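Chains as they are written, first to last, in the numbering used here: chain X, -11 to 332; chain V, 42 to 217; chain R, 2 to 541.
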């Protein structure tokens, strides 16, 4: 909860780093940490993901509730905002693509400034910028890792590596980084920003839970161990690939001579994978299913069906007229049934 | 409205992406990591400038460092203190390495970080260190004569495309 | 308790404490910020469970003995019925983008009014009672058990959310706190814990057809009073139609507009407009409510009240339905009505009898918004208008939350206003259209005893109005919502006293040149038109 949650999450990550350190260094459990843990993590990740999404799918969307963020389609002479207020599947697709690929809603973000009882709104794009940088650099890093998991290596991995290392930064202070990959640095930087804003911004600090700090710290440490392995505390890459290729061809055994840092890296990644389906990280598949974004605002033109539409007791006109007939007749309002004889 | 079809389709696509390495390599037997060929001829030329394990993980940094020093600072040679395990007579590359003061052998061997040649250290001429020409072609490839059997083995495996050969000419591959 | 002066309410601290978590923050149910408990008679009348008398400030809320099971089973059931609920319980990352978007947080500084924490009130229980991690690690993962304190927190904060959806515009996953609040209120209603400002209108509407409980004869009388006013100020006699079978169009609008100032002027506007174009239409005393406080109770209750619209349209044999100015009414019509009570195959796709326009966007639900209808009339030149009669007004437009974010009707009312007024000014970006601010009293929170919270919650809206008032001399705040017409006048009086609140159709009616009318000396409110100012301005 709030700041104390950070302490708990940090402690958890430290423990997660100590476990493989001890396991590999002291007990030489390379098969456990190099083979068993990755397989278990992948299995939990895939099964958990599928089960969770199917569970979501089992709840219907009873009502068509898109949040409309622009002009509706009404009359032809009024310009419709078809992206923020889509009316058909195609425009919904555009809205969703922009949402998922560009974080469009987050781009709207404003910051409130409250002075002397007045509310001011300023642009606030930092969260959007760093969130975008974080997710895309993470994606690039993941895709680049395919070089450990494929043989032959698909062209796009090489292409991505070339682009990523395009700048070949080798000047101060990066003289120890031949062929620096930009994505790793951006990932580390963006994750650190996301982490720092949780500490610095009072409101965000207040709402942050242990399970907000934890994945961020986990990813920061994954990126950091990866960066360390690439540039400073090197490991035998071919031995690593022998292990990773063994995993994807279901014939894994841990070769000798991979540094312990690799096992720490792998253990943290395994934790992230296994943690994924049970955590807020499920926002990734979740956004695809979000009913305020993935539905067209056309419920007046096309009827949306609720599978459990309940039968309800209504107060029908007959009951109404029954109660008020006399008053209605007196007031000169038309009635369906005339007043009974003798009621006058 | 459940949109079950869409959800299942989405899941299948997601799983296809997530399990990409598994089906991309399908039917492939697990291969042991490639071993760069070190011929008897190479062995005969003596030990490398660093222990093997160190060379496996950091040769790229050594080469990068060499390039910077040679190209940018015109420091073509470096002195290296011979490791204790290395006997003076095993020093190999002719003319490139010379034996110097024995008393310097106690210094730790941590890699090509100090440059005694350019600093004009007088001890160099009397001590037991080795002078190495910082050169891929003149030093490394003198012993490891085949790019194909040595360099490319791992580089291809790990999808590494070093820029070395943008400028350097690889030695001619000998017919076997 | 009297509401403190604006200078006091302007002091808001938005910085939550460093070390204490929100779960440890004690709950303080402060006077002026909660609505009275539901009258058990009202709850009982519509057959909702556990009608009982209770006092929100008391320790004992007289809950049924198995209340915990009722709530948890209710949650389980709703998680299975609403994907929105299940999903929004699972995917929030607490990025905080919504935090400073809520008018209640801006106005009160109470961190539990940040949309993310409002949802966490429920989410924490979801984690604690329904997920393994939550049961094992509890507070570590922000989970807790359902207790009476939690339930009271729910009640206090779910009745401090106006379901305006502003947060959902900014949420990167579209998490809509309105959905959370709707679920929360449904759960509270399982224990009879509604507020009276919702429960009694619901019971009234069920019985008499409208929230105010106006019986048929009273409804008609009220309309006749308004017609007398029209005759006096405009000089035109209009004959009203009630429950008339065979009319082409059924018109339905919130009952608030037939009852209270300033809504009545909009009501007069409707009658003048329809008379001007010779519309073949009828009012209904049975379906005499456009609004739907059932929406603030449960989806079933919403359906029960809404059913009257189609039922009455069918009984009267009209071709389609025209709807008046109202906020949540249009969320219900646009996003729920056809699903709940349709398909309305006995009606025809709405076609304006005056212009021939077919409203394709409403071809299934068969209900058209008065602003869409009027904009179409103006576009086709079917209204005789003299906008200079509104020249003494400097008008700005308040987008109601629901038509803006649950429908997207942004340009139609603006088009109407710009054709009936010569001085129109927008409030600043970020406070209008899809980013509009709530009036502070939506979703059934317009109660008198709730005054303090309304003034606080309405502050962001008022702040923007004050800005255009100072910059452009804006003196008129137009809106298309009956709840706005009830909540905004006191809000303006408090924060921007020089600004009056009008309905868009009232502006139309004031500019309308009726056949056989008098020389207009006053507007529909009986206020004299400032002739001289008018002349000066037209010369400019």
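The beta-carbon is built from N, C-alpha and C at its ideal position, and this holds for glycine as well. Remember, predicted model here, so these are calculated numbers, not experimental data.
Asked                                                                                                                                                    : Found
Can you tell me whether residue 101 of chain X is helix, strand or coil according to DSSP?                                                               : strand
Shorter than 8 Å from the beta carbon of residue 233 of chain X to some beta carbon of chain V?                                                          : yes
Could you tell me which of R:152, R:19, R:188, R:255 sits nearest to residue 195 of chain X, measuring between CA atoms?                                 : R:19
So, is the C-beta of residue 422 of chain R closer than 8 Å to a C-beta in chain X?                                                                      : no
With a 10 Å radius around its C-beta and 16 neighbouring C-beta atoms as the bar for buried, classify residue 43 of chain V as buried or exposed.        : exposed
Using 8 Å as the threshold, is the region 165 to 174 of chain R in touch with the region 94 to 101 of chain X, meaning 3 or more CB pairs across them?   : yes
Start and end of the alpha helix (DSSP H) containing residue 464 of chain R?                                                                             : 460 to 473
Along the chain, where does the beta strand (DSSP E) that runs through residue 106 of chain X open and close?                                            : 106 to 111
Please report the distance separating the alpha-carbon of residue 237 of chain X from that of residue 66 of chain V.                                     : 7 Å
Roughly how many angstroms lie between the CA atoms of residue 305 of chain R and residue -2 of chain X, to the nearest whole one?                       : 52 Å
Along the chain, where does the alpha helix (DSSP H) containing residue 559 of chain R start, and where does it finish?                                  : Residue numbering for chain R in the displayed model covers 2 to 541; residue 559 of chain R lies beyond these limits and cannot be assessed.
Rounded to whole angstroms, what's the CA-CA distance from residue 63 of chain X to residue 271 of chain R? Just pull it up for me.                      : 21 Å
Residue 272 of chain R CB to nearest chain X CB: under 8 Å?                                                                                              : no
If we ignore side chains and look at the alpha-carbon of each, how far apart do residue 378 of chain R and residue 352 of chain R end up?                : 12 Å
When the distance is taken between beta carbons, is residue 123 of chain R closer than 8 Å to residue 155 of chain R?                                    : yes
So if DSSP puts residue 480 of chain R in a beta bridge, which residue, or which two residues, is it bridged to?                                         : R:399, R:504
Could you give the residue range of the beta strand (DSSP E) that holds residue 321 of chain R?                                                          : 321 to 324
Just the C-alpha distance for residue 384 of chain R and residue 519 of chain R, rounded to the nearest angstrom, thanks.                                : 17 Å
Applying the 10 Å Cβ sphere with the 16-neighbour rule, what's the burial state of residue 437 of chain R?                                               : buried
Going along chain V, which residues have a C-beta under 7 Å from residue 137 of chain X?                                                                 : 62
Select from R:9, R:496, R:41 the residue whose C-alpha is nearest the C-alpha of residue 50 of chain R.                                                  : R:41
For residue 123 of chain X and chain R, any beta-carbon pair shorter than 8 Å?                                                                           : no
In chain order, what residues of the region 332 to 349 of chain R put their CB closer than 7 Å to some CB of chain X?                                    : 335, 336, 337, 339, 340, 341, 343, 344
Assign residue 381 of chain R to one of three DSSP states: helix, strand, or coil.                                                                       : coil
Would you mind sorting residue 87 of chain R into buried or exposed? The rule is 16 or more other CB atoms within 10 Å of its CB.                        : buried
So residue 284 of chain X packs on residue 55 of chain X, CB below 8 Å; how close in whole Å?                                                            : Going by Cβ atoms, the distance from residue 284 of chain X to residue 55 of chain X rounds to 12 Å, so no, they are not a contact pair.
Once DSSP output is grouped into helix, strand and coil, what is the label at residue 52 of chain R?                                                     : coil
If you draw a straight line from the C-alpha of residue 32 of chain X to the C-alpha of residue 204 of chain V, how long is it?                          : 41 Å
Which residues does DSSP pair with residue 76 of chain V in a beta bridge?                                                                               : According to DSSP, which records beta bridges pairwise, residue 76 of chain V is partnered with nothing at all.
Can you give me, in chain order, the residues of the region 171 to 185 of chain R that have a beta carbon less than 8 Å from any beta carbon in chain X? : 171, 172, 173, 174, 175, 176, 177, 180
Cβ closer than 7 Å: which chain V residues qualify as neighbours of residue 22 of chain X?                                                               : In chain order: nothing, as chain V lies at least about 13 Å away.
How is the alpha helix (DSSP H) around residue 253 of chain R delimited, first residue to last?                                                          : Counting along the chain, residue 253 of chain R falls outside any alpha helix (DSSP H), though it belongs to the beta strand (DSSP E) covering 250 to 253.
Return yes when at least one heavy atom of the ligand MN lies under 7 Å from the C-beta of residue 215 of chain X, else no.                              : Looking at this structure, you won't find the ligand MN or any other ligand, since it has none at all.
Taking Cβ-Cβ distances shorter than 7 Å, what residues in chain X pair up with residue 210 of chain R?                                                   : 308
Buried or exposed: residue 403 of chain R, going by 16 or more other Cβ atoms within 10 Å of its Cβ?                                                     : buried
Name, please, each residue of chain X whose Cβ falls closer than 7 Å to the Cβ of residue 16 of chain R.                                                 : 190
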